[in-house]
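Colleague: Take a look at this one; I'll ask things after.
Residue numbers (our numbering): 1156 to 1337.
Put into C-alpha cells, the structure is as follows:
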C-alpha cells in the first residue's frame, strides 16, 4: 500500500491536467501528501499547496515553485481571497461551503479539476457519512453557470478499490491564448 507521499496521482487528474505554459499556476487544495503537487511540478506549474496538516508536505520545503499554506478550510475564512489560478485541483475532499470560493479561484481560461466520493460509496467503504458524499450530478450544479463543463463522470468503480465517485473538469471562459491553443 502507498503512503501519503508515494500514492500515485489520480488517473483523472493525470488525464486532464495539461503541461503548464510558462508561469502557469495551480492550486492543490486539501493537498494531503502532495501527490498532485508533485505531478503539477513535473508538468511545469508554480503550485500553491493548501492543507490543514502540512506535515506531509515538508519534503517540498525549499522547492522554489511551491508555496505551502497551512489553513483550516472548514473553520475559517477562505485563505486565498482575491487570488486566481490557472488550474485548481481537489481530490477526495468535500466541504460544500467552499464551492463559491473555489469557482472564483479559477482564472479566465483556467480549469477546475475535481474528484471525490458520491452517494452509493457508503455501502462500499469510507466515507459513509452523506455530508461527505456528493449527490447525483452535484459537481455540475456547483460549477454552473460560472464554468463550462469539459468532462464529467459519475461512476462506480472496482479498481484500485471499490468506490462511487464524481469527477469534473470545468473551464472558465476567457480569451484564447494562441500559445496554449495554437
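Yeah, the Cβ is synthetic: ideal placement off N, Cα and C, and Gly gets one too.
Is residue 1229 helix, strand or coil when you go by DSSP?
Modeller: Within the chain shown, numbered from 1, the residue matching residue 1229 stands at position 74. Looking at residue 1229 - three-state DSSP - the assignment turns out to be coil, as it is neither helix nor strand.
Colleague: Mind checking which residues open and close the beta strand (DSSP E) that includes residue 1307?
Modeller: On the chain shown, position 152 is the one that residue 1307 refers to. Note, residue 1307: beta strand (DSSP E), 1302-1312.
Colleague: Buried or exposed for residue 1170, please, with buried defined as at least 16 other CB atoms from any protein chain shown within 10 angstroms of its CB.
Modeller: Here residue 1170 refers to the residue found at position 15 when the chain shown is read from its first residue. Exposed, since its Cβ has fewer than 16 Cβ neighbours within 10 Å.
Colleague: So residue 1242 packs on residue 1266, CB below 8 Å; how close in whole Å?
Modeller: Position 87 of the chain shown, counted from the start, is the residue given in the question as residue 1242. Position 111 of the chain shown, counted from the start, is the residue given in the question as residue 1266. That pair is a contact at about 5 Å.
Colleague: Suppose you measure from the CA of residue 1175 to the CA of residue 1194; what does that come to, to the nearest Å?
Modeller: Translated into the one-based positions of the chain shown, residue 1175 becomes position 20. Translated into the one-based positions of the chain shown, residue 1194 becomes position 39. Cα to Cα, the separation comes out at about 11 Å.
Colleague: Enumerate in chain order the residues of its own chain whose CB-to-CB distance from residue 1229 is below 6 Å, with the five nearest sequence positions on each side excluded.
Modeller: Translated into the one-based positions of the chain shown, residue 1229 becomes position 74. Excluding positions up to five away in sequence, the list reads 1250.
Colleague: Any beta carbon of chain D sitting closer than 8 Å to that of residue 1182?
Modeller: Any reference to chain D falls outside this structure, which holds one protein chain only.
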